[in-house]
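Input: a single structure, listed below in structure tokens.
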Amino acid sequence: MRHIPEQNYNALADFFRRVQPKYANHSFFISGESYAGIYIPTLARLIVHGINNNSFPNKNFKVITI
0 MRHIPEQNYN ALADFFRRVQ PKYANHSFFI SGESYAGIYI PTLARLIVHG
50 INNNSFPNKN FKVITI
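At position 30 of the sequence shown the residue is numbered 29 (numbering that gives the first Met the number 0), and the sequence of numbers has no breaks.
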């Protein structure tokens, strides 16, 4: 289970790069409930780190909700 945030990060990056690149400039939000309170903050940290080092394809990450 430790790798779930990394897998979600890679899937989200792949979505913006390959699957639907037209959404790479749109704002996006991450939300979840219950056990997502474990994964969402870690995923958000990975996304912010990726944005800061220019490795994440969408710079318009806005907010998380749990």
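All residues carry an ideal CB built from backbone N, CA and C; glycine is no exception.
Since I believe residue j is in contact with residue i (beta carbons under 8 Å), could you give me their beta-carbon distance rounded to a whole number of angstroms?
i   : j   : result
N53 : F27 : No, N53 and F27 are not in contact; Cβ-Cβ is about 17 Å, not under 8 Å.
I29 : I3  : I29 to I3, Cβ: 13 Å. No contact.
Between which two residues does the beta strand (DSSP E) carrying residue i extend?
i   : result
I63 : F60 to T64
F55 : Premise fails: F55 is in no beta strand (DSSP E) and is neither H nor E.
S26 : Note, S26: premise wrong, no beta strand (DSSP E); not H, not E.
The alpha helix (DSSP H) that contains residue i, what's its start and end?
i   : result
H48 : A35 to N51
Q19 : Segment: none, Q19 is in no alpha helix (DSSP H) and carries neither H nor E.
Just tell me which of the options has its CA closest to the CA of residue i.
i   : options               : result
I65 : H48, H25, A43 and N24 : A43
Can you name, in chain order, every residue of its own chain whose Cβ lies under 7 Å from the Cβ of residue i, other than the five neighbours on each side?
i   : result
I39 : I29, G31, I63 and I65
H25 : N59
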